[in-house]
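> Everything in the sequence shown is counted per my numbering, starting at 283 for the first residue and increasing by one.
Just so you know, even glycine gets a beta-carbon here, dropped at the ideal spot from N, CA and C.
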Amino acid sequence: MNKTLRKAVIAGNWKMNKTPSEAKALLNEIVPLVADADCEVIACVPYVDLAVAVEAVKGTNIKIGAENAHWEQSGAFTGEISTGMLKEVGVEYVVLGHSERRQYFGETDETVNKRTKAVLKAGLKPIVCVGELLWERECNITEEVIARQIKLDLFDVSAEDVKNVIIAYEPVWAIGTGRTATDDQAEEVCAFIRAEIAKLYGQEIADGMTIQYGGSMNDGNAAALLSKENVDGGLIGGASLVAAKFAAIVKAASV
Ligand code: 13P
Numbered sequence: 283m284n285k286t287l288r289k290a291v292i293a294g295n296w297k298m299n300k301t302p303s304e305a306k307a308l309l310n311e312i313v314p315l316v317a318d319a320d321c322e323v324i325a326c327v328p329y330v331d332l333a334v335a336v337e338a339v340k341g342t343n344i345k346i347g348a349e350n351a352h353w354e355q356s357g358a359f360t361g362e363i364s365t366g367m368l369k370e371v372g373v374e375y376v377v378l379g380h381s382e383r384r385q386y387f388g389e390t391d392e393t394v395n396k397r398t399k400a401v402l403k404a405g406l407k408p409i410v411c412v413g414e415l416l417w418e419r420e421c422n423i424t425e426e427v428i429a430r431q432i433k434l435d436l437f438d439v440s441a442e443d444v445k446n447v448i449i450a451y452e453p454v455w456a457i458g459t460g461r462t463a464t465d466d467q468a469e470e471v472c473a474f475i476r477a478e479i480a481k482l483y484g485q486e487i488a489d490g491m492t493i494q495y496g497g498s499m500n501d502g503n504a505a506a507l508l509s510k511e512n513v514d515g516g517l518i519g520g521a522s523l524v525a526a527k528f529a530a531i532v533k534a535a536s537v
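What follows is the structure in structure tokens.
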């Protein structure tokens, strides 16, 4: 990462893990371990954990994020949560377009775009996930896939608003598989994403944008990934559920 141009952001994505009491216990463990972090630290937790999580990190350097948000403020959308609800609870970040939502729950670039705009309008910060399938990488269309996702997911997002967007590059084949992208693969695509952002919004905005890597990032490989110029942080799944591992990643981002 390039710390002179941007701030590193380490975010845990807890996915469907931890009950409220377990969330409180895990955050209580994490808080002292990351207290002197020189990067942004976020925990994105299940909806029912949000209130407890916000309370647990009050007065600390940890921010809380949700794992999705709907684009409407209210109405007949069974099972969905609005940005207003998240704001009132004290959420600051929202993961959007995660590949698990795209794969298992029919999320499309169109819905990711609507959610992104709603999250920004509410003054929350979206972590927009993009990434190619293994098949797409093997067919040599990684860049096409990523460029398309970036264009569609950020369609109609203004230059002012895009400054509050974090992009997470998560190659789908590296998520939960233990198969991390190599440092060079991560750097190559993160640099490509920055170049696409520059085309859409200009170099200055692109230089300031935080672009995370996600996919089997852990305490063992984080330092090498984060040493790359365009890898500005991580979106961490499994390793974010173990306080010591998450804290080690935060430490790697703080040097
Ligand atoms: P893992 O770190 O468990 O591979 O998950 C990555 C991820 O999907 C984060 O959003």
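#1: Just list the alpha helix (DSSP H) runs in the segment 373-423, keeping only unbroken ones of 4 residues or longer that don't cross its boundaries, in chain order.
#2: Quick one: grab the DSSP three-state call for L447.
#3: Measuring CB to CB, does I423 end up less than 8 Å from V412?
#4: In or out: Q494 buried (at least 16 other Cβ within 10 Å) or exposed?
#5: Within the same chain, show all residues whose beta-carbon is closer than 7 Å to that of A305, passing over the 5 residues directly before and after it, in chain order.
#6: Please determine whether the Cβ atom of A521 lies at a distance below 7 Å from any heavy atom of the ligand 13P.
#7: Rounded to the nearest angstrom, what separates F286 and S381 at their Cα positions?
#8: So within the segment 457-500, which uninterrupted beta strand (DSSP E) runs reach at least 3 residues, ignoring any that extend past its ends?
#9: Mark R461 as exposed unless 16 or more other C-beta atoms lie within 10 angstroms of its C-beta, in which case mark it buried.
#10: Any heavy atom of the ligand FAD inside 7 Å of the beta-carbon of L287?
#11: Among all the DSSP beta bridges, which residues are the ones paired with C326?
#12: Under 7 Å from any heavy atom of the ligand 13P, does the C-beta of I531 make it?
#13: Just the C-alpha distance for V454 and A530, rounded to the nearest angstrom, thanks.
#14: Compute every distance between the C-beta of E322 and the non-hydrogen atoms of the ligand 13P, then say whether any falls below 7 Å.
#15: Can you check DSSP and say which residues form a bridge with L287?
#16: Could you spell out the range, first to last residue, of the beta strand (DSSP E) harbouring I518?
#17: Any heavy atom of the ligand 13P closer than 7 Å to the Cβ of L517?
The structure says:
#1: 381-386, 391-403, 416-420
#2: It is Val, not Leu, that sits at residue 447 in the sequence shown. Reduced to three states, the DSSP call for V447 is coil.
#3: no
#4: buried
#5: V327, D331, V334, A335
#6: yes
#7: Rather than Phe, the amino acid found at residue 286 in this sequence is Thr. Whole-angstrom Cα-Cα distance: 31 Å.
#8: 493-496
#9: exposed
#10: With respect to the ligand FAD, the structure offers nothing, as its ligand set consists of the ligand 13P.
#11: N295, G347
#12: no
#13: 24 Å
#14: no
#15: L287 pairs with nothing; no bridge assigned.
#16: 515-518
#17: yes
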